[in-house]
Each structure stands twice: as structure tokens, then as C-alpha cells.
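> Have a look at this one before I ask anything.
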Amino acid sequence: MTNVIGTTTNPSERLVEIRREIETIARRCNRAAEEITLIAIGKTYSAEILKMALAAGATDLGENRVQEAEEKIAVLGRDAARWHLVGHLQANKARRAVRLFDFIHSLDSTSLALRLDRLCADEGREELPVLIQVDLAEEETKSGIEEANLGTLVATVRKCSSLRLVGLMTLPPFFENVELVRPYFRRLRQLRDDLQREGAFGEARGELSMGMSQDFGVAIEEGATMVRIGTAIFGERKPHGS
Ligand SMILES: *Cc1c(COP(=O)(O)O)cnc(C)c1O
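Numbering (our numbering), first residue to last: 2 to 243.
What follows is the structure, given as C-alpha cells:
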């Protein structure tokens with residue numbers, strides 16, 4: 002199934018619509034909607050527009066660039082929402098990421114894990130929840146760790162004193178036909194289940210961060226616990242810089 006992109010023009014109304022749609026899909030596959038966190042991805046949209054989502058009850062906001070998030074957090078406040086970093090994190094922005102974000106979904110290397118852990122100590126941050134981004138498509142252009150190296154990264158994260166591994170994230174390749182994305186979601190869930198069995202998430206439930214505007218329905222059917230939705234809430238993005 003393809004998701005219906007909101008028919009109204011107001012982000013607050015669309016957020017409500019999407020939430021209702023998540024409930025419908027969850028019910029259809031015998032899941033509780035409460036176990037699915039809707040993360041509103043506000044990249045390229047102004048703090049003023051994000052404010053409308055907050056007014057409509059958004060609890061979780063996601064950004065893919067540290068600099069952009071920093072500017073919006075300066076306006077909206079660090080405590081206005083739970084802030085999620087969903088884009089690739091460069092080493093030189095890691096300190097700011099430790100200060101700014103509640104969750105980092107894009108952990109993709111052992112060097113980044115060790116750096117984040119050191120910075121947590123430095124910044125007096127006791128605990129930083131992280132998700133490992135897995136590159137299931139093995140595309141050169143996509144970030145994320147290859148499946149073959151996942152075990153090593155998990156072991157590293159578990160040795161870090163401040164990082165808390167809470168789940169896995171993936172960004173599958175784009176397909177017109179959303180059914181083609183399903184195998185990627187299914188694979189991420191298998192990997193999560195295997196790690197869960199090994200106790201890799203400790204007390205955490207083993208989040209599955211997968212599903213975007215186009216394919217969140219399929220993602221929920223396959224077990225997503227965090228969906229990252231931008232355009233279906235805020236509208237089509239203009240290219241950066243325009
Ligand atoms: C932009 C982005 C999203 C949201 O994509 P939409 O198609 O606008 O819903 C989700 N995840 C990541 C990592 C993104 O960069």
C-alpha cells in the first residue's frame with residue numbers, strides 16, 4: 002500500500018491525520034499505536050513551521066544536520082521536544098550532537114562510537130541513546146554500517162560506558178513501488194531480533210527506526226517502532242539553499 006499524503010495544507014492538521022493513519026495501520030496488524038513513535042522530520046523547514054507541529058502535539062522532532070538542528074533548538078528550546086539526529090554525523094560535529102540530541106539514529110562506525118563516548122564523559126552526559134544505522138542496500142552513497150560489520154560495532158558500543166544501544170535504523174533505497182522496500186524492513190527486524198536474543202539492548206526494547214512518508218505503512222507492518230516522517234507532514238521540501 003502507498004500512504005495517502007495529507008490533503009490539508011496545514012502541518013498541524015497533517016500531523017493529526019498521520020497519527021490517525023498510524024493508528025489505523027497498527028490496528029490492522031494487531032499492534033498498539035502507542036508503541037510507535039512518530040518523529041516529525043523538519044529538515045529544510047523553519048522553526049516557525051516546526052512550532053505548528055509542536056502545537057499539534059508532536060513530541061519528537063528529527064533533523065539530519067547538526068547545524069540546522071542547533072539553529073532551531075536555539076529558537077524552540079532544548080526541552081521543546083525529544084530531538085533526534087537522523088542524518089550522517091561527521092566526527093567534527095560529534096560534540097555538538099552530544100549536547101543537542103536525545104537520540105542519535107546514525108551511528109555507523111566504531112570510531113564514531115568511541116568518540117561519542119569520550120565526548121559524553123567530557124560533557125558530563127551520563128547516557129546517550131544510540132541506534133546503529135545499517136546499510137542493507139550496500140550502496141556506496143548511503144551511510145550506515147554494512148551488515149557484516151554490525152556485530153563488531155555492537156560489541157564496541159556495549160563496551161562504551163555512556164552509549165546506550167537502543168535499536169537499529171535503516172534508510173532503504175527509493176522505490177516507486179513500496180512493496181519493494183518490504184524485504185529491507187524485514188531484514189532489519191531479523192537483525193534486531195537476533196541482537197535482542199543476545200541481550201544487546203539490555204533493558205531497552207530494541208527500537209526499529211524505519212519508514213518515511215512514502216512507506217511508513219509497510220514499515221509498521223514489519224514492526225517499526227519509530228517512523229521518521231517529513232514531507233507527509235510539512236509538504237514537499239524545496240532544495241537546500243532556495
Ligand atoms: C528526510 C529524511 C526522512 C523523512 O523523509 P520524508 O520522505 O520526507 O518523510 C527520514 N529519514 C531520514 C534519514 C531523512 O533524511
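For each residue, glycine too, the CB sits at the ideal point set by N, CA and C.
(1) What is the C-beta distance between residue 193 and residue 172, in whole angstroms, given that I count them as a contact (C-beta under 8 Å)?
(2) Am I right that residue 94 and residue 76 are in contact with their C-beta atoms under 8 Å? What's the rounded C-beta distance?
(3) Ligand 1 and residue 213: does any heavy atom of the ligand fall closer than 8 Å to the residue's C-beta?
(4) Does residue 61 come out as helix, strand or coil in the three-state DSSP assignment?
(5) Which runs of the beta strand (DSSP E) spanning at least 3 residues fall entirely within the segment 84-123, listed in chain order?
(6) Within 10 angstroms of the Cβ of residue 229, are there 16 or more other Cβ atoms? Answer buried if so, exposed if not.
(7) Going by C-alpha distance, which of 237, 69, 27, 138 is nearest residue 170?
(8) How about the segment 53-64 and the segment 77-90: do they share at least three Cβ pairs that are nearer than 8 Å?
(9) On a CA-only basis, which of 187, 164, 112 is nearest residue 150? Give me that one, please.
(10) Just to check, is the beta-carbon of residue 226 closer than 8 Å to a non-hydrogen atom of ligand 1?
(11) Expressed to the nearest angstrom, what Euclidean distance is found between the alpha-carbon atoms of residue 126 and residue 231?
(12) Just list the residues that DSSP pairs residue 38 with in beta bridges.
(13) Does DSSP classify residue 188 as helix, strand or coil?
(14) Does DSSP put residue 68 in a helix, a strand or coil?
(15) Could you spell out the range, first to last residue, of the alpha helix (DSSP H) harbouring residue 159?
(16) Are the beta-carbon atoms of residue 114 and residue 73 separated by less than 9 Å?
(17) Is residue 195 helix, strand or coil when you go by DSSP?
(18) Could you pull out every residue in the same chain whose Cβ sits closer than 8 Å to the Cβ of residue 23, ignoring the five residues on either side in sequence?
(19) My understanding is that residue 109 touches residue 134, with C-beta atoms under 8 Å, so please give their C-beta distance in whole angstroms.
(20) Check each candidate in 116, 81, 104 and name the one with the smallest Cα separation from residue 96.
The structure says:
(1) Along the sequence shown, one-based indexing puts residue 193 at 192. Along the sequence shown, one-based indexing puts residue 172 at 171. That pair is no contact at about 15 Å.
(2) Position 93 of the sequence shown, counted from the start, is the residue given in the question as residue 94. Position 75 of the sequence shown, counted from the start, is the residue given in the question as residue 76. In this structure residue 94 is not in contact with residue 76, their Cβ atoms being roughly 19 Å apart against a cut-off of 8 Å.
(3) Sequence index remark: in the sequence shown, residue 213 carries index 212 (1-based). True, at least one ligand heavy atom lies under 8 Å from that Cβ.
(4) For the purposes of this step, residue 61 is taken as residue 60 along the sequence shown, with counting starting at 1. Reduced to three states, the DSSP call for residue 61 is strand.
(5) Here the runs fully enclosed are 104-108.
(6) Here residue 229 is taken as the residue at index 228 of the sequence shown, counted from 1. When all chains shown are included, residue 229 counts as buried.
(7) The residue labelled residue 170 in the question sits at position 169 within the sequence shown. With distances taken between Cα atoms, residue 170 lies closest to 138.
(8) These segments touch.
(9) Against the sequence shown, residue 150 aligns to sequence position 149. Relative to the Cα of residue 150, the nearest Cα in the group 187, 164, 112 belongs to 112.
(10) Position 225 of the sequence shown, counted from the start, is the residue given in the question as residue 226. No, the Cβ of residue 226 stays beyond 8 Å of every heavy atom of ligand 1.
(11) As a first step, residue 126 is located in the sequence shown; it is residue number 125 there, counting from the start. As a first step, residue 231 is located in the sequence shown; it is residue number 230 there, counting from the start. Going from the Cα of residue 126 to the Cα of residue 231 covers about 29 Å.
(12) Counted from its first residue, the sequence shown places residue 38 at position 37. 227.
(13) Taking the first residue of the sequence shown as 1, we reach residue 188 at position 187. The three-state secondary structure of residue 188, taken from DSSP, is helix.
(14) Against the sequence shown, residue 68 aligns to sequence position 67. Collapsing the DSSP output to three states places residue 68 in a helix.
(15) For this step, residue 159 is matched to residue 158 along the sequence shown. Residue 159 -> alpha helix (DSSP H) spans 151-160.
(16) The residue given as residue 114 occupies position 113 in the sequence shown. The residue given as residue 73 occupies position 72 in the sequence shown. No, these two residues do not count as a Cβ contact at 9 Å.
(17) The residue given as residue 195 occupies position 194 in the sequence shown. Residue state, collapsed to three classes: helix.
(18) Along the sequence shown, read from residue 1 onward, the residue named residue 23 stands at position 22. The answer, listed in chain order, is 34, 37, 39, 217, 221, 228.
(19) Counting from one through the sequence shown, the residue named residue 109 turns up at place 108. Counting from one through the sequence shown, the residue named residue 134 turns up at place 133. Their Cβ separation, rounded to whole angstroms, is 5 Å, which keeps residue 109 and residue 134 in contact under 8 Å.
(20) As a position in the sequence shown, residue 96 is number 95, starting the count at 1. Closest by alpha carbon: 116.
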